[in-house]
Structures are given as C-alpha cells and as structure tokens.
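A.B. asks: Have a look at this one before I ask anything.
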Amino acid sequence: MRPVFATIILLSLAVLAAAQGAVADLSNYGVRIEPDKRVIVVLAALEAGRIAGQSGAAERAISVPLSEKGNAFREQLDRDTAQMPEELRLRIGQFVAKYKKRHQTAEDAKLIAPFIAMAYSLSPAPDLADPVVVTDLPGELLDVLDFAPLAREYFRRSGISAKLDEYVKLYQAEADGRLRSSTREMVNDYLEYLNTRPQIFYRETRKVEVQKGKSKSTVLQKTETIERERRFCIVPEMLVPTGTINFLNIRDDYYLVVPPDKDVSASDARRAFIQFVVDPLILSNSKDVTAVKDGIKSLLDERRKADPSISPDMFLAVSRSLVAAVEARELEFTKTNIAVNQAREKLAKAASDAERRQITAELDRYKRSLADESAVMLSEAYERGAVMAFYFADQLKGMEDSGFDIASSMREIIAGFDASKESDRLAKYGEARQRGLAARAERGRSVTTSIVENPVTNKLIEIQATIERREFGRATEALKKLLEDNPQEPRIYYNLGRIASMEAEATNDPNVESQKLLDAKAWYGNVIRTRSAATDPALISLTFVALGRIYEYFDDNAYALKLYEEAIKVGDAAGGGYRDALAAKQRLVKKEQ
Numbered sequence: 372m373r374p375v376f377a378t379i380i381l382l383s384l385a386v387l388a389a390a391q392g393a394v395a396d397l398s399n400y401g402v403r404i405e406p407d408k409r410v411i412v413v414l415a416a417l418e419a420g421r422i423a424g425q426s427g428a429a430e431r432a433i434s435v436p437l438s439e440k441g442n443a444f445r446e447q448l449d450r451d452t453a454q455m456p457e458e459l460r461l462r463i464g465q466f467v468a469k470y471k472k473r474h475q476t477a478e479d480a481k482l483i484a485p486f487i488a489m490a491y492s493l494s495p496a497p498d499l500a501d502p503v504v505v506t507d508l509p510g511e512l513l514d515v516l517d518f519a520p521l522a523r524e525y526f527r528r529s530g531i532s533a534k535l536d537e538y539v540k541l542y543q544a545e546a547d548g549r550l551r552s553s554t555r556e557m558v559n560d561y562l563e564y565l566n567t568r569p570q571i572f573y574r575e576t577r578k579v580e581v582q583k584g585k586s587k588s589t590v591l592q593k594t595e596t597i598e599r600e601r602r603f604c605i606v607p608e609m610l611v612p613t614g615t616i617n618f619l620n621i622r623d624d625y626y627l628v629v630p631p632d633k634d635v636s637a638s639d640a641r642r643a644f645i646q647f648v649v650d651p652l653i654l655s656n657s658k659d660v661t662a663v664k665d666g667i668k669s670l671l672d673e674r675r676k677a678d679p680s681i682s683p684d685m686f687l688a689v690s691r692s693l694v695a696a697v698e699a700r701e702l703e704f705t706k707t708n709i710a711v712n713q714a715r716e717k718l719a720k721a722a723s724d725a726e727r728r729q730i731t732a733e734l735d736r737y738k739r740s741l742a743d744e745s746a747v748m749l750s751e752a753y754e755r756g757a758v759m760a761f762y763f764a765d766q767l768k769g770m771e772d773s774g775f776d777i778a779s780s781m782r783e784i785i786a787g788f789d790a791s792k793e794s795d796r797l798a799k800y801g802e803a804r805q806r807g808l809a810a811r812a813e814r815g816r817s818v819t820t821s822i823v824e825n826p827v828t829n830k831l832i833e834i835q836a837t838i839e840r841r842e843f844g845r846a847t848e849a850l851k852k853l854l855e856d857n858p859q860e861p862r863i864y865y866n867l868g869r870i871a872s873m874e875a876e877a878t879n880d881p882n883v884e885s886q887k888l889l890d891a892k893a894w895y896g897n898v899i900r901t902r903s904a905a906t907d908p909a910l911i912s913l914t915f916v917a918l919g920r921i922y923e924y925f926d927d928n929a930y931a932l933k934l935y936e937e938a939i940k941v942g943d944a945a946g947g948g949y950r951d952a953l954a955a956k957q958r959l960v961k962k963e964q
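Okay, structure coming up:
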C-alpha cells in the first residue's frame, strides 16, 4: 500500500502559503506565467561571451548576481554548451565589451535590460528574425539590435537548440512554486480592492478606405471593428539578476521578466499589474479625459518647469496618476484592515481599561504612519508627473467600502476633476510627507516597495523552511501555536496534514504509519470544514486528493472515489490536484471493473 500513499507528499508544495483569494485560473484574468525562448537564448548568449581578464585568462564578458537556482542553471548551461566554438565566444565578448565601454557608469545588472527588450523584438525561436520595422524602436534597443545575429549564431552553434525545450520545462517547474502562488495573491489583492476584472479583450473601431466595385478611382470609407487580446505575461528567467524586475509594455502585451523563485507580491511587479488593469480604463474614457485636458496640461506644464524630463503626454499622466493612487491606497487600506483586526483580537483579550486604551492609541499611531507613507508615495508620484495622483487617491478612498466596480465609475471620476484644487497638493501634504520620510529614514529602508502581507502568510513561509529541513516536531509546534490565533485558517490545517502525511511516509512502523495517516485525515478534514468563498481552489482540490489517498490506504475505495470527484468539481486550478484526481478516479474505476 505504500506506493499508493507515496504520492501524498508530492502534492504541490506551492500551496504552503496558498493565496487567500478566489483567483483560480490566472488566464481568466489575462495573466500567464510562461518562459520565453527568445529571452533564454539572448541571455544565454550573453553568458557565453568571453573576454581576457587582467591575468590574461578568459572570463565572462558580463556577469550578474543570480539566485541560487540561477547559479545552478548557469553551471548547467556552461556544461551543456562546453563544445561551443571559442571564436564565437570571443566575438560575443567583443560586442559586450564595446557596449559596456559606451555605458561605463552602468552596472552589469542594468546593462542586460536592453538585451531583454531586444529579445522581444525578434520573431519566435528557432528563426529569431529581426523586426521588419525598426523606426519606432526605442534608442536603447536599437543600440543592441546588432546583437541579434550573434544570438542566432549562438542558437545554431552552441548546442542550446537541443536543450531549449528541457530548459523551458525546468523554468516552468520552478515558476509553479512561489512565483505562481505569489502571482495569484497579487492578482487577487488588486482585483478585490478595485472590485473589477482586467479587460482582456479590447475593441478598436477605425476607418479604412476601400475601392467601390471595380472602380479604381472611387474610394469609400468603411468602419471596421478589430478585437485585440491583452496579456500580462510573467516570464520566469534564471539568468536575470536576483532581485531585479524587467518590465516591458509592447502594444497590448505586458511582460514582466523575473527570477522564477521571485515573490511578485512583494515587489514593483504590483505596479506593473496595476498598469495592465487601468490602461484600458483610461483608453475607454479618452473623450472624458480630453474634456479636462486643459486642467491636466496646466498642471503638467507647471511640473515640467521643475523637471523638463517629465513627459507632456496627457494620457500618460492620467494613467500614471491612477497607478500611483491605486498602489498607495491599496497598501494603506489593506494594512489598516489587518491592523484593525489584530487590534480587535487584542482588545478582546485585554484585562483592563488602561490596556485597552494603550491598544487603541497604538492603532491610531500606526494608522497615522500609514497615512504619512501614502503622502510620501503620492507626493513623489506627483513630482514625477502623476498630477492626478492625489485626486484619484481621494476618489478611491471614498469607494473602498462601497463595493463599486472602478470600471463603471471612471467616467464620473474623470468628469469631477478640478485642476484648481490640485496645484497646492504638495504643500498641503508637506508635513505628512516629512513625517513619512523621517519614518523611512528611521527604518533605514524605503517602504515604497514593501507590501501588505497577511501575517499568517509570512509565518507559513517561515515554517515551510522548517518543513523542508524535515524538522517536523518544530514545524508542528509552530503551526499549532499559529492555529491558536487563527482557528479558521484552512492553510494551517493543510500544512499540519502535510506534516503528518510526510511522517507517515518516513516511518517503517505500520502502527505509527496508520496513526499518522489518521492524524493527517483529521487535519485535512478541518481544511474542508473551515473553507470559505475566499479559500484558494487549488488548496481545496489538493486537500480532496490527499484525503482520497488516505481513504485508499485504508481500503475504502468507494469513499476515496467520491473525494476524487469532489476535487474534479473544483476545476483545473493552477497548482491544484485536478489532474491527480482524474488519474486516481480512472485507476479506481478500472480497478472495480
């Protein structure tokens, strides 16, 4: 029976701190997580370049700090392409050396960004052909476009072409862990805050000229509607510098290139996703934006006097303003709610009025600090040209508890804009900004890239490291302690079930094994009992599959089959147990025949 049960421990580890939200299939929201062969090839080609070091020995022409998994992949790549012609390595190295000479003040980690942009200008592998039109490409991309022939030659002569599909599978496997779960959490956080869904398809109406019948001189104008698909692509890439994010917006596609173990819920990736959500809202209300263009232009002109590098593009200013407002308000709103809930729990346990007053005072101070940080974020955005940031933030604040979809409210929000009330925003929030900056300095780090993280999620991530070290007793103790304050949290029960399952697999004593499985069954049962509409479907389906395996172990195949069917009903949630449930059901049905 052990082989049947062994698959329990293989249930997706990505659910260790599964996102709280109900976002299941990310593709329903225009979000995809998939490697890009073009980026892999271009960055691998850069890795292959060699130059003569100070000692005369060959060294990498460009070397960036990678994650632990990235370093391991770099070593694998070196082994797989060891037979690559040396003269090609040197020519790549010469190109990189010349490029670095033109950008002597830039660090290697920043130098690769234009190469990533260049990769997206090429056609898909294996052709990797140059773009047909280059006149509208940005200057920094044109600066490295001549690297494309070297990338194509590297693809043909290095041996990477035979390994590329294997690399893609490796990237995808790594991305299905923390990257996917944190993406689901990020998407859920913002869509829940904005009460909307991303606009995945956009219809554009335009006029075209057509000939009338067989006439060569008579031309008629015709209106046609084109439907375009919009995508937010998170691209896991082993060879990008650790801790960095590369964001590109190419027409209707938004690309976020990150290390595959990146937690995007704790990074500037959030701002990129907000832009993906709000851009069509601005475009759909372009007439309303045009109606208030004079006011926007006057504010922009004033800001450009202080910083001429600010774009005069009115629509860009509106988009950036809404992005900045959403980022600041969601951060403050979510952190405030978490703090209020924690304060309520403390107040319920407080033994005296003095203790309750202290808890309330601490909450008030914390809420003021959050408002001060929002003032800093909005002020900095305003100075960068987001001249409607404060206005949008005020509007969002008034909608946060209403449940209104921001998409249905944008027209009224834009129509209500009064530029005369915005010119003194920096002065009005000056004191709050100074307090926020002082708090940042005291913390010794910028908070602009911090996120609102559920404390349970943070603790579960810490405990996961203990589980990976197979310190089951310590992990169980930590989970039970966490459970005392969070008795309705399904993720805690799931992880307790996982540990009991792993302990059952590790023992050679049949009695201990059976007892551990009964413990796991009880923990998994609590996952089902405490689930809510906000519980991650992947977590639910994995739990049903885990329970099904246990019932199989105890020879109750009929009930196990029902559990697998329940998992199937949940649907094919990314990172869930849908496929395992299908396979298990087919196996049991066949067994009964």
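Here the sequence shown is numbered in this note's numbering, starting from 372 and rising by one per residue. Note that beta-carbon positions come from the ideal geometry of N, C-alpha and C, so glycine has one too.
#1: Which of the three DSSP states, helix, strand or coil, is assigned to Glu842?
#2: Mind the definition here: the region 742-751 touches the region 695-704 only if three or more C-beta pairs lie below 8 Å; say whether that holds.
#3: Rounded to whole angstroms, what's the CA-CA distance from Val758 to Ala790? Just pull it up for me.
#4: Could you check where the beta strand (DSSP E) with Tyr626 kicks off and where it finishes?
#5: How many Å lie between Asn708 and Gly947 at the Cα?
#6: Have a look at Ile597 and Arg577 and give me their C-alpha separation to the nearest angstrom.
#7: Taking Cβ to Cβ, would you say Arg642 is nearer than 8 Å to Val694?
#8: Which word fits Leu932, buried or exposed, when buried means at least 16 other C-beta atoms lie within 10 angstroms of its C-beta?
#9: Going by C-alpha to C-alpha distance, which of Ala522, Tyr542 and Ser723 sits closest to Lys633?
#10: Can Leu953 and Ile939 be called in contact, C-beta distance under 8 Å?
#11: Check whether the Cβ atoms of Ile911 and Arg920 lie closer than 8 Å to each other.
#12: Shortest alpha-carbon distance to Glu511 belongs to which of Asp536, Gln570, Ala484 and Val413?
#13: Please work out which residues of its chain come closer than 6 Å, Cβ to Cβ, to Ser692, disregarding the five sequence neighbours upstream and downstream, and give them in chain order.
#14: Would Pro456 be called buried (16 or more neighbouring beta carbons within 10 Å of its own) or exposed?
#15: Can you check whether the CB of Phe518 is closer than 8 Å to the CB of Ala496?
#16: For a test of the three-state rule: what should DSSP assign to Asn399, helix, strand or coil?
#17: Identify the continuous alpha helix (DSSP H) that holds Pro509 and give its terminal residues.
#18: Ordered along the chain, which non-local residues of its own chain (more than five positions away) have a Cβ less than 6 Å from that of Glu771?
#19: Excluding five sequence neighbours on each side, which residues of the same chain lie with their C-beta closer than 8 Å to the C-beta of Val410?
#20: Residues in the same chain with beta-carbon distance under 8 Å from Glu963, minus the five sequence neighbours each way, listed in chain order, please.
#21: Within 10 Å of its beta-carbon, does Gly392 have 16 or more other beta-carbons around it, so buried, or fewer, so exposed?
#22: Decide if Val505 is buried, meaning its Cβ has at least 16 other Cβ atoms within 10 Å, or exposed.
#23: Just tell me which of Leu889, Ile616, Ala423 and Phe603 has its CA closest to the CA of Arg462.
#24: Do you know offhand how far Lys748's Cα is from Arg804's?
#25: Quick one: using the 10 Å Cβ neighbour count with 16 as the cut-off for buried, is Ser817 buried or exposed?
#26: To the nearest angstrom, how far is it from the Cα of Glu478 to the Cα of Ile433?
#27: Phe925: which of Tyr573, Leu565, Arg841 and Lys892 sits nearest, CA to CA?
#28: Considering only residues of the region 679-757, which uninterrupted alpha helix (DSSP H) runs meet the minimum length of 4 residues and lie entirely inside it, listed in chain order?
#29: In three-state terms, what does DSSP make of Pro881?
#30: Just list the residues that DSSP pairs Thr596 with in beta bridges.
#31: Counting Cβ pairs closer than 8 Å, one from the region 766-783 and one from the region 649-658, do we hit at least three?
#32: Evaluate Thr878 with the Cβ neighbour count: other Cβ atoms within 10 Å of its Cβ, from every protein chain shown; 16 or more gives buried, anything less gives exposed.
#33: Note down, in chain order, each residue of its chain lying with its Cβ closer than 8 Å to the Cβ of Glu733, except the 5 sequence neighbours on either side.
#34: On the DSSP bridge list, what partners appear for Phe618?
#35: Use the C-beta contact count for Leu718: other C-beta atoms within 10 angstroms, 16 or more gives buried, fewer gives exposed.
#36: Going by the CB atoms, is the gap between Val648 and Val689 shorter than 8 Å?
C.D. replies: A quick look at the data gives this:
#1: Position 471 of the sequence shown, counting from 1, holds the residue named residue 842. Note: Glu842 maps to coil in three-state DSSP.
#2: yes
#3: To locate residue 758, count along the sequence shown from 1; it is residue 387. To locate residue 790, count along the sequence shown from 1; it is residue 419. Going from the Cα of Val758 to the Cα of Ala790 covers about 9 Å.
#4: In the sequence shown, the residue the question calls residue 626 occupies position 255. Residues Asp624 to Val629.
#5: By 1-based counting over the sequence shown, the position of residue 708 is 337. By 1-based counting over the sequence shown, the position of residue 947 is 576. Going from the Cα of Asn708 to the Cα of Gly947 covers about 29 Å.
#6: As a position in the sequence shown, residue 597 is number 226, starting the count at 1. As a position in the sequence shown, residue 577 is number 206, starting the count at 1. Cα-Cα distance, rounded: 8 Å.
#7: Indexing the sequence shown from 1 puts residue 642 at position 271. Indexing the sequence shown from 1 puts residue 694 at position 323. For Arg642 and Val694, yes; Cβs fall inside 8 Å.
#8: Mapped onto the sequence shown, residue 932 falls at position 561. Counting Cβ neighbours within 10 Å, Leu932 comes out buried, since at least 16 surround it.
#9: Within the sequence shown, numbered from 1, the residue matching residue 633 stands at position 262. Nearest option by C-alpha distance: Tyr542.
#10: Looking up residue 953 in the sequence shown gives position 582. Looking up residue 939 in the sequence shown gives position 568. It is a contact, given that the beta carbons lie within the stated cut-off.
#11: Counting from one through the sequence shown, the residue named residue 911 turns up at place 540. Counting from one through the sequence shown, the residue named residue 920 turns up at place 549. Not in contact: Ile911 and Arg920 (Cβ atoms no closer than 8 Å).
#12: In the sequence shown, residue 511 corresponds to position 140, counting from 1. When only C-alpha atoms are compared, the closest one is Ala484.
#13: Start at 1 with the first residue of the sequence shown, and residue 692 comes out as number 321. Same-chain partners within the cutoff: Ala757, Met759, Ala760 and Phe763.
#14: In the sequence shown, residue 456 corresponds to position 85, counting from 1. Exposed, by the Cβ-count rule.
#15: Position 125 of the sequence shown holds residue 496. Position 147 of the sequence shown holds residue 518. In this structure, Phe518 does not lie closer than 8 Å to Ala496 by Cβ.
#16: For the purposes of this step, residue 399 is taken as the residue at position 28 of the sequence shown. Helix at Asn399.
#17: Within the sequence shown, the letter at position 138 stands for residue 509. First-last for Pro509: undefined, no H or E at that position.
#18: Here residue 771 refers to the residue found at position 400 when the sequence shown is read from its first residue. So the qualifying residues of the chain are Phe704.
#19: Reading the sequence shown from its first residue, position 39 is the one you call residue 410. Same-chain partners within the cutoff: Ile487, Ala490, Tyr491, Val606, Glu608 and Val628.
#20: Here residue 963 refers to the residue found at position 592 of the sequence shown. Around Glu963: Asn928.
#21: In the sequence shown, the residue the question calls residue 392 occupies position 21. Low confidence applies here, because Gly392 scores a pLDDT of 39, under 50, leaving its location unreliable; read the following figure in that light. Buried, by the Cβ-count rule.
#22: Along the sequence shown, read from residue 1 onward, the residue named residue 505 stands at position 134. Exposed, because fewer than 16 other Cβ atoms sit within 10 Å of the Cβ of Val505.
#23: If you number the sequence shown from 1, residue 462 lands on position 91. Arg462 has its Cα closest to that of Ala423, out of Leu889, Ile616, Ala423 and Phe603.
#24: By one-based count along the sequence shown, residue 748 stands at place 377. By one-based count along the sequence shown, residue 804 stands at place 433. Checking the displayed sequence, the identity of residue 748 turns out to be Met instead of Lys. Cα to Cα, Met748 sits roughly 8 Å from Arg804.
#25: Walking along the sequence shown from the start, residue 817 turns up at place 446. Any reading at Ser817 must be qualified, since the residue scores a pLDDT of 36, below 50, and its modelled position is unreliable; the value itself is stated next. Ser817 comes out exposed.
#26: Working through the sequence shown from its first residue, we reach residue 478 at position 107. Working through the sequence shown from its first residue, we reach residue 433 at position 62. So the two alpha carbons sit approximately 10 Å from each other.
#27: Against the sequence shown, residue 925 aligns to sequence position 554. Nearest of Tyr573, Leu565, Arg841 and Lys892 to Phe925, Cα basis: Lys892.
#28: 685-720 and 724-754
#29: Numbered from 1 along the sequence shown, position 510 holds the residue referred to as residue 881. Note: Pro881 maps to helix in three-state DSSP.
#30: Position 225 of the sequence shown holds residue 596. Partner(s): Thr576.
#31: yes
#32: Taking the first residue of the sequence shown as position 1, residue 878 is located at position 507. Exposed is the call here.
#33: Here the question's residue 733 lines up with position 362 in the sequence shown. Closer than 8 Å at Cβ, skipping near neighbours: Ala714.
#34: Working through the sequence shown from its first residue, we reach residue 618 at position 247. DSSP, once it has assigned bridges, lists Leu627 as partnering Phe618.
#35: What you label residue 718 is simply residue 347 of the sequence shown in a count that begins at 1. Burial call: exposed.
#36: As a first step, residue 689 is located in the sequence shown; it is residue number 318 there, counting from the start. As a first step, residue 648 is located in the sequence shown; it is residue number 277 there, counting from the start. No.
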